[in-house]
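Enquirer:
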Amino acid sequence: MKKKFRYLFLSMSALVLAACGGNSGAEDSSDAAGTSSVVEESTPAADDAFAQYPAIDMGGRTIKIATWWDFFYDSRHNDPMDNPGVNNTETAQMELDNIRRIEEKYNVKIEFVNLGWEGIIDSINTSVVSGTPDYDIYTADLQFGLAPAMNGYAMALSDYASDYSDVMTDQTVMSPFETFGETYFFSETTIPTGGTYMLYNATMLDELGLEDPNTLFENGEWTWEKFHELAKATTRDTDGDGNIDVYGFGGVTTDTTNEFVASNGGTIASDLTEGLSSPEVVEALEFIYNMYNVDKIAKPYVEDWETNLLSWVDGSVAFAPVQAFNLITYGPDLSYDYRIVQWPQGPSGDGTTAGESFVNYYFIPKGVENPSDVYQVFEEFRNWFVFDESYRDNYDWIESAFTNTDDLDTALEIGAMGNGDLWKTSDVNGAVGEATYNIFTGEMTVSQAVESYKQLLQDGLDSFKSE
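Here the sequence shown stands for residues -18 to -1, 1 to 449, numbered as in mature numbering (1 follows the signal peptide of the UniProt record, and there is no 0).
(1) Look up Met180 in the DSSP assignment and say whether it is helix, strand or coil.
(2) From this set, Glu288, Ala306 and Ala266, which residue's C-alpha is nearest Ser382's C-alpha?
(3) Since I believe Tyr344 is in contact with Tyr119 (beta carbons under 8 Å), could you give me their beta-carbon distance rounded to a whole number of angstroms?
(4) Whose C-alpha, out of Asn80, Glu189 and Gly257, is nearest the C-alpha of Leu438?
(5) Flag this pair as touching only if the stretch 144 to 151 and the stretch 260 to 277 have three or more C-beta atom pairs under 8 Å; answer yes or no.
(6) For Asn80, report the span of its alpha helix (DSSP H) as first-last.
(7) Rounded to a whole number of angstroms, what is the C-alpha to C-alpha distance between Pro261 and Ser429?
(8) I'd like the ranges of any beta strand (DSSP E) spanning at least 3 consecutive residues and lying wholly in the stretch 160 to 219.
(9) So, for Ser317: in the same chain, excluding its five sequence neighbours on each side, which residues have a beta-carbon less than 7 Å away from its beta-carbon?
(10) What residue range does the alpha helix (DSSP H) around Tyr117 cover?
(11) Within 10 angstroms of the Cβ of Leu212, are there 16 or more other Cβ atoms? Answer buried if so, exposed if not.
(12) Alpha carbon to alpha carbon, how far is Phe363 from Tyr88?
(13) Which word fits Leu190, buried or exposed, when buried means at least 16 other C-beta atoms lie within 10 angstroms of its C-beta?
(14) Let's see if you can read the secondary structure: which residues bound the beta strand (DSSP E) around Ile47?
(15) Could you check which residue in Tyr373, Val432 and Tyr35 has the C-alpha nearest to that of Glu77?
(16) May I ask which residues mark the beginning and end of the alpha helix (DSSP H) holding Phe231?
(17) Please state whether DSSP places Glu268 in a helix, a strand or coil.
(18) Check each candidate in Ala136, Ala37, Leu192 and Phe199 and name the one with the smallest Cα separation from Gly328.
(19) Determine the DSSP secondary structure at Ala129, reduced to helix, strand or coil.
(20) Please list, in chain order, all residues of the same chain as Thr205 whose beta carbon is under 7 Å from its beta carbon, the five residues on each side excluded.
(21) Taking the continuous beta strand (DSSP E) assigned at Pro353, which residues delimit it?
(22) Can you check whether the CB of Ser293 is closer than 7 Å to the CB of Val284?
(23) Would the stretch 241 to 257 and the stretch 401 to 413 be scored as touching if the rule is three or more Cβ pairs under 8 Å?
(24) Taking the alpha-carbon positions, what's the Ala15 to Gly41 distance?
(25) So, for Phe446: in the same chain, excluding its five sequence neighbours on each side, which residues have a beta-carbon less than 6 Å away from its beta-carbon?
(26) So the alpha helix (DSSP H) Ala413 belongs to, where does it begin and stop?
(27) Assuming Pro282 and Gly233 make a contact with CB atoms under 8 Å, what is their CB distance in whole Å?
(28) Considering just the uninterrupted stretch of the beta strand (DSSP E) at Arg58, what are its terminal residues?
(29) Which term fits Ser140, buried or exposed, when burial requires 16 or more other beta carbons within 10 angstroms of its beta carbon?
(30) Does Gln358 pass the burial test, meaning 16 or more other C-beta atoms within 10 Å, or should it be called exposed?
(31) Among Phe162, Phe94 and Phe231, which residue has its Cα nearest to the Cα of Asn275?
(32) Whole angstroms are fine: how far does the CA of Ser112 sit from the CA of Ile346?
(33) Locate the alpha helix (DSSP H) running through Ile103, then write down its first and last residues.
(34) Would you kindly work out how many angstroms separate the C-alpha atoms of Ser(-6) and Ala122, rounded to a whole number?
(35) On the criterion of 16 or more Cβ atoms from any shown chain inside 10 Å, does residue 450 qualify as buried, or is it exposed?
(36) If contacts are defined as beta-carbon pairs under 8 Å, then Thr335 and Gly247 qualify, I think. What distance do you get, rounded to the angstrom?
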């Protein structure tokens, strides 16, 4: 029932970081930043399971990782209950046991430092950009991590990850994440829970005698044309007052654009050349424009973001983009039965891609002492589950979003289909947001919006090009 997928991987905009001074260096992030050395012996626990990692004497160094939340567990912790939110003491103890093993094998300590959201941005702006990073590893949201990485302040993964490392081989522990053809980021491999799904009101479709979207999908018939047909059939006046009160579709500009573009085989910013004007994207935007402004089968777009985001909660739309956390929050109280389905395939799509979803990533900044050793220790530190994915993957959270296993499988499949489109994190000038808002509201035609905003998008992408 539980399919295992790797998450190779939502931020709304990217922060272009300007270089500014800093006076603290990488040596400050360790107790001893001298050259580490490979030693002959390892601890008894570091046997066959970790044979690929040679023991290294880190000289008592403390590897520090910057983040913006309280992380559990690191070298400061000794008891599973140190984490007030612990819900599995068995795996918590496994993590603690692994920390003790790592400390002995490498003569090292590991510490996560909670800088807060603004604090981690400030540290990157000052110490990383000046070449003297405060920390050995930074946790990054692409919202603030993409710009410094693309502008030369992060090390490429290939510069420090060894050929035998998991991230370069099986990717059971860590997965690389490519941005604009470069790989500066890596993340912990896990199940892909961040996808955006197409929700449908199963009760409504059943009462109207309409075809089930999942059946259509299984039969290879789930296309934009068929979706449009169902959306049109569900758009109606239910109380006889002469006004439409139930619509075929409703959602926010970001998710709607992301998924219809992906389902048509398009990308807006998968590389450093704008794709807003590409045929696949224009075709998707035309489809959306017609839904909202010509056929009027989509719920009219309003100023309030949350009203658009949650248009499905009161049953006033038949289809909507949703994510798991929304279903967990609102699903139990819905007045109807809901299902999810793959996004319908566009005329230029092949059914293999969905919108990219993002997690938090790590990067090692330039200026860190012995980055290869730092990475090796960190990778082995996060392999507390000893390559056993049944311990690594916790399905409890994602399972709670759905009422059946078929929908769970669909969610994991969608989450693993990301198309690498980075526009949500690289549109620093807000070009796509403005263009799509004008398209959804009918203030501009697609051709007008594309022509007005494509250069603004390109200008933003140009800011990620290294000098």
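Don't be surprised by glycine CBs; every beta carbon is placed ideally from N, CA and C. These figures come from a predicted structure and were not determined experimentally.
Expert: On the basis of the coordinates in this document:
(1) Along the sequence shown, read from residue 1 onward, the residue named residue 180 stands at position 198. It is a strand residue.
(2) Taking the sequence shown and counting its residues from 1, one reaches residue 382 at position 400. With distances taken between Cα atoms, Ser382 lies closest to Ala306.
(3) In the sequence shown, residue 119 corresponds to position 137, counting from 1. In the sequence shown, residue 344 corresponds to position 362, counting from 1. Strictly speaking, residue 119 in this sequence is Ile, with Tyr absent from that position. Ile119 to Tyr344, Cβ: 5 Å. Contact.
(4) Your numbering for residue 438 matches position 456 in the sequence shown. Closest option to Leu438, Cα to Cα, is Gly257.
(5) no
(6) Within the sequence shown, residue 80 is the residue found at index 98, counting from 1. Note, Asn80: alpha helix (DSSP H), Thr71 to Tyr88.
(7) As a working mapping, residue 261 is identified with position 279 in the sequence shown. As a working mapping, residue 429 is identified with position 447 in the sequence shown. Approximately 11 Å between the Cα atoms of the pair.
(8) 164 to 170 and 179 to 183
(9) Residue mapping note: residue 317 aligns to position 335 of the sequence shown, counting from 1. If we look at Ser317 and ignore the five residues flanking it on each side, its Cβ neighbours are Gly297.
(10) Working through the sequence shown from its first residue, we reach residue 117 at position 135. Note, Tyr117: premise wrong, no alpha helix (DSSP H); not H, not E.
(11) Position 230 of the sequence shown, counted from the first residue, corresponds to residue 212. Answer is buried; the Cβ neighbour count reaches 16.
(12) Within the sequence shown, the letter at position 381 stands for residue 363. Within the sequence shown, the letter at position 106 stands for residue 88. Their Cα atoms are separated by approximately 11 Å.
(13) To locate residue 190, count along the sequence shown from 1; it is residue 208. Exposed, because fewer than 16 other Cβ atoms sit within 10 Å of the Cβ of Leu190.
(14) Translated into positions along the sequence shown, residue 47 becomes position 65. From DSSP, the beta strand (DSSP E) with Ile47 extends over Arg43 to Thr49.
(15) Counting from one through the sequence shown, the residue named residue 77 turns up at place 95. It is Tyr373.
(16) Your numbering for residue 231 matches position 249 in the sequence shown. No alpha helix (DSSP H) holds Phe231; the beta strand (DSSP E) holding it covers Tyr229 to Phe231.
(17) Your numbering for residue 268 matches position 286 in the sequence shown. Here Glu268 sits in helix by DSSP.
(18) Translated into the one-based positions of the sequence shown, residue 328 becomes position 346. If we check each option's Cα against that of Gly328, Phe199 comes out closest.
(19) Looking up residue 129 in the sequence shown gives position 147. Residue state, collapsed to three classes: helix.
(20) Your numbering for residue 205 matches position 223 in the sequence shown. Closer than 7 Å at Cβ, skipping near neighbours: Pro326 and Gln327.
(21) Translated into positions along the sequence shown, residue 353 becomes position 371. Premise fails: Pro353 lies in the alpha helix (DSSP H), Pro353 to Phe363, not in any beta strand (DSSP E).
(22) Position 302 of the sequence shown holds residue 284. Position 311 of the sequence shown holds residue 293. No.
(23) yes
(24) Position 33 of the sequence shown holds residue 15. Position 59 of the sequence shown holds residue 41. Residue confidence is low: Ala15 scores 36 on pLDDT, short of 50, so the model does not pin down where it sits. Its coordinate-derived value is still stated next. If I take the Cα positions, the gap works out to 8 Å.
(25) If you number the sequence shown from 1, residue 446 lands on position 464. The residues are Met132.
(26) Numbered from 1 along the sequence shown, position 431 holds the residue referred to as residue 413. Here the alpha helix (DSSP H) through Ala413 covers Ala413 to Thr423.
(27) As a working mapping, residue 282 is identified with position 300 in the sequence shown. As a working mapping, residue 233 is identified with position 251 in the sequence shown. So it is not a contact: roughly 12 Å between Cβ atoms.
(28) Here residue 58 refers to the residue found at position 76 when the sequence shown is read from its first residue. Arg58 -> no beta strand (DSSP E), and no H or E assigned at all.
(29) Here residue 140 refers to the residue found at position 158 when the sequence shown is read from its first residue. With fewer than 16 other Cβ atoms within 10 Å, it is exposed.
(30) Counting from 1 along the sequence shown, the entry for residue 358 is found at position 376. By the neighbour-count rule (16 or more Cβ atoms within 10 Å), Gln358 is buried.
(31) What you label residue 275 is simply residue 293 of the sequence shown in a count that begins at 1. For the residues Phe162, Phe94 and Phe231, the minimum Cα distance to Asn275 belongs to Phe231.
(32) Walking along the sequence shown from the start, residue 346 turns up at place 364. Walking along the sequence shown from the start, residue 112 turns up at place 130. The alpha-carbon atoms of Ile346 and Ser112 are separated by roughly 14 Å.
(33) Here residue 103 corresponds to residue number 121 of the sequence shown, with the count starting at 1. Taken as a continuous stretch (DSSP letters only), the alpha helix (DSSP H) holding Ile103 covers Gly98 to Ser105.
(34) In the sequence shown, counting from the first residue as 1, residue -6 sits at position 13. In the sequence shown, counting from the first residue as 1, residue 122 sits at position 140. Unreliable positioning characterises Ser(-6) in this predicted model, as indicated by a pLDDT of 33, which lies under 50. The coordinate reading is nonetheless provided below. So the alpha carbons of these two residues sit roughly 14 Å apart.
(35) Because the chain in this structure spans residues -18 to 449, residue 450 falls outside the shown range and cannot be described.
(36) As a working mapping, residue 335 is identified with position 353 in the sequence shown. As a working mapping, residue 247 is identified with position 265 in the sequence shown. Yes, Thr335 and Gly247 are in contact; Cβ-Cβ is about 7 Å, under 8 Å.
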